[in-house]
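Enquirer: Below is the structure I would like to discuss, written out as structure tokens.
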Amino acid sequence: MDDKFDAYLSKETTAERSSVTCGCSENPAILSKIVGGEESIPNSFGWVVSIRMYSSHVCGGSIISDFWIITAAHCIPSNYVFGSFSIMAGIQNLSDIGQERLIVESFVHPQYDPDTFDNDIALVRLNLPLDMTHRSLAIICLPIINNTLLDFQEYPSPGTPLVGIGWGTLMSNNTEPSETLQQVTLETIANYRAFCMSIIHNVTLQFCAGIDGGGKDTCQGDSGGPIMMFRSTGQWELVGLTSYGSRILLICLISQSALLKRLSSSQK
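Following the UniProt record's numbering, the numbering of the sequence shown begins with 1 at its first residue and continues without gaps.
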């Protein structure tokens, strides 16, 4: 595990933005093995957004195009007053003023199960496009795995280094979100491990991440935020969304979502 992370953390986690269309931000991410997470470098994860209800942070999300944000289904209220549900993009601190947009439509996965968190994925459409030419914004790469492989192997494979980000609470007994964007290094955990089996319900739709034996996860307020893998091409890939968990994190597997596939095939 340590050898994997040492190699992973020694990588230059950035690429020239002019040469790629996704997964690269203005600044490189600098990662460490600090237990419990750490503050991220400003403008290192330009796709993360704060989803807000009446201007208060409730969840994280990721930019997948200038009009669309991906987040967890459980972050979407069953009904909301127009103008009360919004996102703030291009910020490091929750008090920063970035690009604010109203959410005008939300599409929750039709097979989302609030009891098991199966298909805990949703898309929201903004009232106006984000200005993606701004240095603080970027688009996250979507998975490129061949889904037929998932019938024979876990993805991401157990032990894969991942990074989760968000403004979630810094302690489990705290209800206030972090003012500053936090990052935490994790690894995928095999679905047959006991502490993963206790929370996972569908291995084709979900996977676990954390540190073997506990000690790292994301917290309340990180829901819907990205769980990312660093590609060999120097780009960040969105492999999951923070869904549920305590000490060991349950993550919605992005590559299995029919909702996201439909959007990916139709948008330009």
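We put the CB at the ideal spot given by N, CA and C, even for glycine.
Quick one, which of Ile165, Pro129 and Glu237 has its alpha-carbon nearest Glu179's?
Expert: Stepping through the sequence shown from its first residue, residue 179 is reached at position 179. Nearest option by C-alpha distance: Ile165.
Enquirer: Does DSSP put His201 in a helix, in a strand, or in coil?
Expert: Residue 201 sits at position 201 when you count from the first residue of the sequence shown. Coil, per DSSP.
Enquirer: Excluding sequence positions up to five away, which residues of its chain have a Cβ less than 7 Å from the Cβ of Leu94?
Expert: Within the sequence shown, numbered from 1, the residue matching residue 94 stands at position 94. Here the set comprises Ser50, His57, Trp167, Pro177 and Glu179.
Enquirer: Within 10 Å of its beta-carbon, does Glu105 have 16 or more other beta-carbons around it, so buried, or fewer, so exposed?
Expert: As a first step, residue 105 is located in the sequence shown; it is residue number 105 there, counting from the start. Exposed, since its Cβ has fewer than 16 Cβ neighbours within 10 Å.
Enquirer: Cα separation between His134 and Gly60?
Expert: Within the sequence shown, numbered from 1, the residue matching residue 134 stands at position 134. Within the sequence shown, numbered from 1, the residue matching residue 60 stands at position 60. Approximately 20 Å between the Cα atoms of the pair.
Enquirer: Excluding sequence positions up to five away, which residues of its chain have a Cβ less than 7 Å from the Cβ of Leu253?
Expert: As a working note, residue 253 is residue 253 in the sequence shown. Closer than 7 Å at Cβ, skipping near neighbours: Leu205, Gln206, Phe207 and Gly240.
Enquirer: With DSSP run on the structure shown, which of helix, strand or coil describes Phe85?
Expert: In the sequence shown, the residue the question calls residue 85 occupies position 85. Reduced to three states, the DSSP call for Phe85 is strand.
Enquirer: Whole angstroms are fine: how far does the CA of Ala209 sit from the CA of Leu31?
Expert: What you label residue 31 is simply residue 31 of the sequence shown in a count that begins at 1. What you label residue 209 is simply residue 209 of the sequence shown in a count that begins at 1. Approximately 17 Å between the Cα atoms of the pair.
Enquirer: Enumerate in chain order the residues of its own chain whose CB-to-CB distance from Pro114 is below 7 Å, with the five nearest sequence positions on each side excluded.
Expert: One-based indexing of the sequence shown puts residue 114 at position 114. Closer than 7 Å at the Cβ level, and outside the excluded window around Pro114, lie His74.
Enquirer: Buried or exposed: which applies to Cys219, given that a residue is buried once 16 or more other Cβ atoms fall within 10 Å of its Cβ?
Expert: The residue labelled residue 219 in the question sits at position 219 within the sequence shown. At Cys219, the pLDDT of 49 sits below 50, so the modelled position is not reliable; the number obtained from the coordinates is stated separately. Looking at its Cβ environment, which holds 16 or more other Cβ atoms inside 10 Å, Cys219 is buried.
Enquirer: Spatial neighbours of Ser223 within its chain, please: C-beta separation below 6 Å, excluding the five flanking residues on both sides.
Expert: What you label residue 223 is simply residue 223 of the sequence shown in a count that begins at 1. Excluding positions up to five away in sequence, the list reads Cys59, Ala72, Cys75 and Thr242.
Enquirer: Residues in its own chain within less than 6 Å of Leu9 by CB, not counting five upstream and five downstream?
Expert: Locating residue 9 in the sequence shown gives position 9, where the first residue counts as 1. Low confidence applies to Leu9: its pLDDT is 43, below 50, so where it sits in the model is not reliable, and the reading given next is rough at best. Leu31.
Enquirer: Looking at C-alpha atoms only, which residue of Ser157, Glu39 and Ile91 is the closest neighbour of Val203?
Expert: Here the question's residue 203 lines up with position 203 in the sequence shown. Out of Ser157, Glu39 and Ile91, Ser157 has the C-alpha closest to the C-alpha of Val203.
Enquirer: From this set, Gln153, Glu100, Ser25 and His109, which residue's C-alpha is nearest Met53's C-alpha?
Expert: Within the sequence shown, residue 53 is the residue found at index 53, counting from 1. The shortest Cα separation from Met53 among Gln153, Glu100, Ser25 and His109 belongs to Glu100.
Enquirer: Does the distance from the C-beta atom of Gly23 to that of Arg231 stay below 8 Å?
Expert: On the sequence shown, position 23 is the one that residue 23 refers to. On the sequence shown, position 231 is the one that residue 231 refers to. A contact, by the Cβ cut-off of 8 Å.
Enquirer: Excluding the five sequence neighbours on either side, which residues of its own chain have a C-beta within less than 8 Å of the C-beta of Lys268, listed in chain order?
Expert: In the sequence shown, the residue the question calls residue 268 occupies position 268. Note that Lys268 scores a pLDDT of 40, beneath 50, so its modelled location is shaky; the value from the coordinates is reported in the next line. Result list for Lys268: empty, nothing under 8 Å.
Enquirer: Phe195 by DSSP, collapsed to three states: which one?
Expert: As a working note, residue 195 is residue 195 in the sequence shown. Helix at Phe195.
Enquirer: Kindly indicate which residue of Asn191, Cys141, Asn127 and Ser55 has the alpha-carbon position closest to the one of Gln153.
Expert: Working through the sequence shown from its first residue, we reach residue 153 at position 153. The shortest C-alpha separation from Gln153 is found at Asn191.
Enquirer: Could you tell me if Thr233 is buried or exposed, where buried requires 16 or more neighbouring beta carbons within 10 angstroms of its beta carbon?
Expert: Here the question's residue 233 lines up with position 233 in the sequence shown. Its Cβ having fewer than 16 others within 10 Å, Thr233 is exposed.
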